[in-house]
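S.K.: One structure is given below, represented as structure tokens, and several questions about it will come after.
Protein chains: 2
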Amino acid sequence: MKISVLGEGMHCRSCHDCTARDFAICAALDKTELRELAQLSRHVRFESGATVFAQANLATSFFSVHAGTLRLYKLLPDSRRQIVGFALPGDFLGLPGLPHHEFSADAVGRVTLCQFPKESFATFAEKRPQLLRRMVELAGHELARAQEHMVLLGRRSAEEKIASFLIGWRDRLSGIGRGGEILPLPMKRLDIADHLGLTIETVSRTFSKLERDGVIQIFASGVVLLDAPRAEALSAGVS
Amino acid sequence: MKISVLGEGMHCRSCHDCTARDFAICAALDKTELRELAQLSRHVRFESGATVFAQANLATSFFSVHAGTLRLYKLLPDSRRQIVGFALPGDFLGLPGLPHHEFSADAVGRVTLCQFPKESFATFAEKRPQLLRRMVELAGHELARAQEHMVLLGRRSAEEKIASFLIGWRDRLSGIGRGGEILPLPMKRLDIADHLGLTIETVSRTFSKLERDGVIQIFASGVVLLDAPRAEALSAGVS
DNA sequence: TGTTGTCCTTGATTGAGATCAACCCGATCA
DNA sequence: TGATCGGGTTGATCTCAATCAAGGACAACA
Chain P
121 MKISVLGEGM HCRSCHDCTA RDFAICAALD KTELRELAQL SRHVRFESGA
171 TVFAQANLAT SFFSVHAGTL RLYKLLPDSR RQIVGFALPG DFLGLPGLPH
221 HEFSADAVGR VTLCQFPKES FATFAEKRPQ LLRRMVELAG HELARAQEHM
271 VLLGRRSAEE KIASFLIGWR DRLSGIGRGG EILPLPMKRL DIADHLGLTI
321 ETVSRTFSKL ERDGVIQIFA SGVVLLDAPR AEALSAGVS
Chain Z
121 MKISVLGEGM HCRSCHDCTA RDFAICAALD KTELRELAQL SRHVRFESGA
171 TVFAQANLAT SFFSVHAGTL RLYKLLPDSR RQIVGFALPG DFLGLPGLPH
221 HEFSADAVGR VTLCQFPKES FATFAEKRPQ LLRRMVELAG HELARAQEHM
271 VLLGRRSAEE KIASFLIGWR DRLSGIGRGG EILPLPMKRL DIADHLGLTI
321 ETVSRTFSKL ERDGVIQIFA SGVVLLDAPR AEALSAGVS
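Just so you know, the sequences run in chain order P and Z. Sequential numbering from 121 applies to the first sequence in our numbering. Sequential numbering from 121 applies to the second sequence in our numbering.
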């Protein structure tokens, strides 16, 4: 686990023009507080595949994703893997009250993060109900997403799972201003499989089927939703 | 949805000797605050099977479970059901920042709850970082549990699911001082099936298999863990 | 230019759990 | 006393996705 700092003592020089600020935890802060928080933080970068932190390790920092995608996953002893989510810019990683990391996180492509030492962040947050309120809200949204994913894992067919994933991914990207014609899928098929409780072969077959049915078009870098309404119907569990 | 209040204007007379207080949100409060909060709340009771609130309805109250068990579930349009969790005494229901209920909740057996109007609770919490901190922690624990359940739903066999459920249920009960020789299972087989992403038949068969293998003994009201280490091993995903 | 490795796709077969169907058991009630 | 009903179990069969197996596309590199 190698952490590469972007210039020592740089202290997140770019908070004022941070592209993730509006979605991130920082949205709850005013200009002065933002500067104070920046003093506590530093920017870190990880190359593709690098591990940011590992499940069950002591959590000494919180992170706010600045750019890139992370996969968050849990492993069983026999190495079965469940990806519990993908983190995108603005997502906050780490929760007070849990001393250890509940899952592992590694970079899907290059990633940059704001890193906050846990104690100093906690001290900073202690006196700022606005920030705590925001954290409750973020945790709530995360919980809602987790529950929606439980429905997917427990009660949906392979085709519904894939459609649901694509629609959810599209909506998350457009929520952070990354919407577009082509839906980029930076993660591998195996990652998608381990996220949806499928095998890589079933993911591949289902992508192929959706393409045959004219719902999507597959490219190396992602897919285009040719028939979004059909995908949304599958995603919703209709038909 | 019928709400039966335990005597009008009673205002939760029993906060000082509440059996759930140590686990509940109220643990974050001092004596004075507790009395203030009690002024906002009222005790409500639901009979077995009654709906406390329904998914997608406007959330006007928060709840803290005082006694009994609730099933929390989401439905797909074609009535497939996923039980996202069971709530026990001390559990907090509802999250700020989400105007609508994310799931439905109904009583498994008789249930009593403390009900707080959402706005007055929010106002009360606004100025109390201790309480907000506690809410972040509770949400964090809930999130960790949800992620663990994703692993179960996505990556485990029927036998592992059942064993995992029994061990998790045992640990939650003992965490609120309800441990014992016999592990009570107030919910029906169908509830367990919809919680674990199985059918009622598979649940029944798997219970039978575990009993044949000497891991558990089945009673009308629950099970006894004859071979807890074996169940824990299955639960952990070993073997 | 061929070699290697990674990622993805496709085909054949298998198997765990779903589905369909029957029956048991205890509670309730006429 | 037996009829009904809800909840649970068990057996037979089917099906969807897993597993096993092979090969294709493409990039990195010697």
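Glycine included, C-beta positions come from ideal geometry on N, C-alpha and C.
#1: Helix, strand or coil for His-136(Z), going by three-state DSSP, please let me know.
#2: Return the bridge partner residues of Val-231(Z) from the DSSP annotation.
#3: At the level of alpha carbons, what is the spacing between Gly-188(P) and Thr-139(P)?
#4: Is the Cβ-Cβ distance between Ile-296(P) and Phe-143(P) less than 9 Å?
#5: Give a yes or no on whether the minimum CB-CB distance between Gly-357(Z) and chain P is below 9 Å.
#6: Straight-line CA distance for Ala-348(P) to His-220(P)?
#7: With a CB to CB cut of under 7 Å and the five nearest residues on each side skipped, what residues in its chain are close to Gln-267(Z)?
#8: So, using beta-carbon positions, are Val-164(P) and Leu-233(P) closer together than 9 Å?
#9: Check the DSSP bridge columns for Lys-194(P) and list the partner residues they point to.
#10: Taking DSSP as the reference, what is the three-state secondary structure of Ala-147(Z)?
#11: Going straight from the alpha carbon of Ser-240(Z) to that of Leu-160(Z), what length do you get?
#12: For Ser-181(Z), count the other beta carbons within 10 Å of its own beta carbon; 16 or more makes it buried, fewer makes it exposed. Which is it?
#13: Between the alpha carbons of Glu-128(P) and Arg-162(P), how many angstroms are there, rounded?
#14: Tell me whether Pro-219(Z) sits in a helix, a strand or coil according to DSSP, three-state version.
#15: Comparing C-alpha positions only, which one of His-261(P), Thr-171(P) and Ser-359(P) sits nearest to Ile-145(P)?
#16: If we define contact as Cβ-Cβ less than 9 Å, is Ala-283(P) a contact residue for chain Z?
#17: Mind checking who Thr-189(Z) pairs with in its DSSP beta bridge?
#18: Under the three-state reduction of DSSP, which class applies to Leu-213(P): helix, strand or coil?
#19: Measure the CB-CB distance between Leu-192(P) and Phe-206(P) and report whether it falls below 9 Å.
#20: Looking at Glu-222(Z): is its Cβ nearer than 9 Å to the Cβ of Gln-175(Z)?
M.R.: In this structure, then:
#1: One-based indexing of the second sequence puts residue 136(Z) at position 16. The answer is helix: DSSP assigns His-136(Z) an H, G or I state.
#2: Your numbering for residue 231(Z) matches position 111 in the second sequence. The partner list for Val-231(Z) (beta bridge, DSSP) reads Phe-166(Z).
#3: If you number the first sequence from 1, residue 188(P) lands on position 68. If you number the first sequence from 1, residue 139(P) lands on position 19. So the two alpha carbons sit approximately 12 Å from each other.
#4: Position 176 of the first sequence holds residue 296(P). Position 23 of the first sequence holds residue 143(P). In contact: Ile-296(P) and Phe-143(P) (Cβ atoms closer than 9 Å).
#5: Position 237 of the second sequence, counting from 1, holds the residue named residue 357(Z). Taking Cβ atoms only, chain P reaches closer than 9 Å to Gly-357(Z), which makes this a yes.
#6: For this step, residue 348(P) is matched to residue 228 along the first sequence. For this step, residue 220(P) is matched to residue 100 along the first sequence. For Ala-348(P) and His-220(P), the distance between alpha carbons rounds to 40 Å.
#7: On the second sequence, position 147 is the one that residue 267(Z) refers to. Cβ neighbours of Gln-267(Z) beyond the five flanking positions: none.
#8: For the purposes of this step, residue 164(P) is identified with residue 44 of the first sequence, where counting begins at 1. For the purposes of this step, residue 233(P) is identified with residue 113 of the first sequence, where counting begins at 1. Yes.
#9: In the first sequence, counting from the first residue as 1, residue 194(P) sits at position 74. Per DSSP, Gln-202(P).
#10: Mapped onto the second sequence, residue 147(Z) falls at position 27. Three-state DSSP puts Ala-147(Z) in a helix.
#11: For this step, residue 240(Z) is matched to residue 120 along the second sequence. For this step, residue 160(Z) is matched to residue 40 along the second sequence. Going from the Cα of Ser-240(Z) to the Cα of Leu-160(Z) covers about 7 Å.
#12: Residue mapping note: residue 181(Z) aligns to position 61 of the second sequence, counting from 1. With 16 or more other Cβ atoms within 10 Å, it is buried.
#13: Residue 128(P) sits at position 8 when you count from the first residue of the first sequence. Residue 162(P) sits at position 42 when you count from the first residue of the first sequence. Below a pLDDT of 50, predicted positions are generally treated as unreliable, and Glu-128(P), at 35, falls in that range; no measurement from the model is reported.
#14: For this step, residue 219(Z) is matched to residue 99 along the second sequence. In this structure, Pro-219(Z) counts as coil in the three-state DSSP scheme.
#15: Numbered from 1 along the first sequence, position 25 holds the residue referred to as residue 145(P). That would be His-261(P), whose Cα lies nearest to the Cα of Ile-145(P).
#16: By 1-based counting over the first sequence, the position of residue 283(P) is 163. It does not: the Cβ of Ala-283(P) has no partner Cβ on chain Z nearer than 9 Å.
#17: Working through the second sequence from its first residue, we reach residue 189(Z) at position 69. The partner list for Thr-189(Z) (beta bridge, DSSP) reads Val-228(Z).
#18: In the first sequence, residue 213(P) corresponds to position 93, counting from 1. In the structure shown, Leu-213(P) sits in a strand (DSSP, three-state: E or B).
#19: Taking the first residue of the first sequence as position 1, residue 192(P) is located at position 72. Taking the first residue of the first sequence as position 1, residue 206(P) is located at position 86. A contact, by the Cβ cut-off of 9 Å.
#20: Translated into the one-based positions of the second sequence, residue 222(Z) becomes position 102. Translated into the one-based positions of the second sequence, residue 175(Z) becomes position 55. Closer than 9 Å, so yes.
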